[in-house]
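Going from the sequence shown to the working numbering is simple: count from 1 and add 6.
Below: the structure, in structure tokens.
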Amino acid sequence: MTVKEIPYEFISQRVPMTWADIQFGLDNQLLRPKAAIDKATEQLCDTDAAPRGVVELAIRVESESVIDLVSDLAKAEARSSDDVVKAKWLYIVLAWLFENRKSLVNPLEIVEEVYSDFDYPAQIASFIRYMPIQGPNLGSREKNEARMFDRWKAYLDEEQKRFGRSS
């Protein structure tokens, strides 16, 4: 994956995470193992009776392997389809990039790499520079790219409704 290690705090503020989501993040190096420990600790605080694997995970130190426990927890939960997990991560990665776009040299180029990493999802093609322009040419590169940023933001707003935390 193009993007590496998105902070769990950033993610948990935006979307509820399942253990399958955590496993995908770990498998694709989008999360550090500490994120699994943080989720387990969070889950322990939210419930009186947590599964044993959650307790074991919550007391791990970051240098210890967490993948087996996360895998077992993911298998034990009601699972979303792999496509839903992947779509949620596409949203998370693009939200992270959008929030940090001013510190990136070429954020639209990185979005193109994400487009490839996630097997060319149609829902983000409207803000990929090498794809055919949707709508009229606005007369300058700056204006056309500004429209792509607007479309990127619109995608994030829609996906936030789909995946975001309820208020």
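Each residue gets a CB set at the ideal place from its N, CA and C atoms; glycine is no exception.
Just so it is clear, the structure is predicted and the values come from calculations on it, not from any experiment.
- Of the residues assessed, arginine 58 falls on the exposed side of the cut-off, its CB having fewer than 16 other CB atoms within 10 angstroms.
- In this structure, leucine 96 and proline 127 form a Cβ contact; the two beta carbons are roughly 6 Å apart against a cut-off of 8 Å.
- Taking 8 Å as the upper bound for CB-CB distance, glutamine 29 and valine 76 are in contact here, some 5 Å apart.
- Pairwise C-beta distances place the stretch 38-52 out of contact with the stretch 96-110, as fewer than three of them are shorter than 8 Å.
- In the DSSP annotation of this structure, the continuous segment of the alpha helix (DSSP H) that includes lysine 167 starts and ends at 147-169.
- By the CB criterion at 8 Å, lysine 94 and phenylalanine 169 fall inside the cutoff.
- One alpha carbon belongs to asparagine 143, the other to glutamate 83, and they sit about 48 Å apart.
- The shortest CA-to-CA distance from serine 87 to any of Glu164, Cys51, Thr24 and Val61 is the one to Thr24.
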